Amino acid sequence: MHWKVRRDFLARADIFSGVGGRDLRALAKSCTLSSYAPGDVLCHQGERGVAAFLIVSGRVQVENVMPGGRSLVLARLGQGEMVGELSIIDGAERVATVRAINEVDVLVLAQWGFKALIKRRPSIAAAMLPVVVARFRDTAKDLRERDSEAKAAREASYH
Numbered sequence: 000m001h002w003k004v005r006r007d008f009l010a011r012a013d014i015f016s017g018v019g020g021r022d023l024r025a026l027a028k029s030c031t032l033s034s035y036a037p038g039d040v041l042c043h044q045g046e047r048g049v050a051a052f053l054i055v056s057g058r059v060q061v062e063n064v065m066p067g068g069r070s071l072v073l074a075r076l077g078q079g080e081m082v083g084e085l086s087i088i089d090g091a092e093r094v095a096t097v098r099a100i101n102e103v104d105v106l107v108l109a110q111w112g113f114k115a116l117i118k119r120r121p122s123i124a125a126a127m128l129p130v131v132v133a134r135f136r137d138t139a140k141d142l143r144e145r146d147s148e149a150k151a152a153r154e155a156s157y158h
């Protein structure tokens with residue numbers, strides 16, 4: 000896949016929406032294309048995050064193994080959606096497993112390549128930061144709302 004096609008896919012990903020032309024080109028040139036068969040695992044819950052995956056075609060399932068071994072499907076993602084993008088920033092353990100539902104092609108952005116790139120082009124990180132912060136705020140808001148709903152349900156059951 001030509002770097003221009005990779006650039007166009009990256010430009011549509013929320014996390015890179017604020018990244019400009021030359022920076023986007025550099026990101027595109029640092030990505031590789033990988034393919035997965037149905038049932039293949041792109042990344043495992045608990046492993047160190049070393050890459051982000053932008054879905055070019057196909058669908059993946061995001062699963063979380065709960066205490067006791069039960070698997071919970073958190074999301075199903077398709078073309079243009081990205082998974083693991085925060086791992087290229089901090090390299091923390093994966094919080095979920097990502098599994099191919101059908102034939103899947105993804106752009107892979109490796110952490111070491113990404114970190115080297117943002118050292119040369121800090122404007123990439125600066126453009127990504129507002130998106131990361133907005134996601135954090137949305138997550139915090141969702142958690143507050145769920146906590147409030149749970150509290151109201153507990154109070155209602157006591158009356």
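Just so we're aligned, residue 0 is where the sequence shown starts under numbering that gives the first Met the number 0, counting upward by one.
C-beta atoms are modelled at their ideal positions from N, C-alpha and C, and glycine is treated no differently.
Values in this document were obtained by computation on a predicted structure and should not be read as measured data.
Select from the options the residue whose C-alpha is nearest the C-alpha of residue i.
i           : options             : result
residue 112 : 51, 122 and 62      : 51
residue 0   : 107, 154 and 115    : 107
residue 10  : 79, 43, 85 and 153  : 79
residue 76  : 142, 59, 150 and 48 : 59
residue 49  : 2, 93, 81 and 17    : 93
residue 70  : 147, 44, 132 and 25 : 44
residue 105 : 25, 30 and 26       : 30
With a threshold of 8 Å on Cβ separation, who are the neighbours of residue i within its own chain once the five nearest residues in sequence on each side are excluded?
i           : result
residue 19  : 122 and 126
residue 141 : none
residue 81  : 12, 13, 14, 51, 52, 53 and 54
residue 23  : 6, 9, 10 and 15
residue 74  : 60 and 61
Among residues of its own chain, excluding the 5 on either side of residue i, which ones have a beta-carbon nearer than 7 Å to its beta-carbon?
i           : result
residue 128 : none
residue 124 : 117
residue 109 : 49 and 50
Does the Cβ of residue i have 16 or more other Cβ atoms within 10 Å, making it buried, or fewer, making it exposed?
i           : result
residue 65  : exposed
residue 144 : exposed
residue 41  : buried
residue 72  : exposed
residue 83  : buried
residue 26  : buried
What's the C-alpha gap between residue i and residue j?
i           : j           : result
residue 68  : residue 3   : 43 Å
residue 17  : residue 115 : 19 Å
residue 5   : residue 28  : 8 Å
residue 56  : residue 86  : 22 Å
residue 151 : residue 62  : 29 Å
residue 133 : residue 156 : 35 Å
residue 120 : residue 138 : 28 Å
residue 148 : residue 88  : 33 Å
residue 146 : residue 136 : 15 Å
residue 176 : residue 95  : Residue 176 lies beyond the range of the chain shown here (0 to 158); nothing can be said about it.
residue 46  : residue 91  : 8 Å
Touch test, the region 85 to 104 against the region 33 to 44, Cβ-Cβ under 8 Å, three pairs minimum: Touching, yes.
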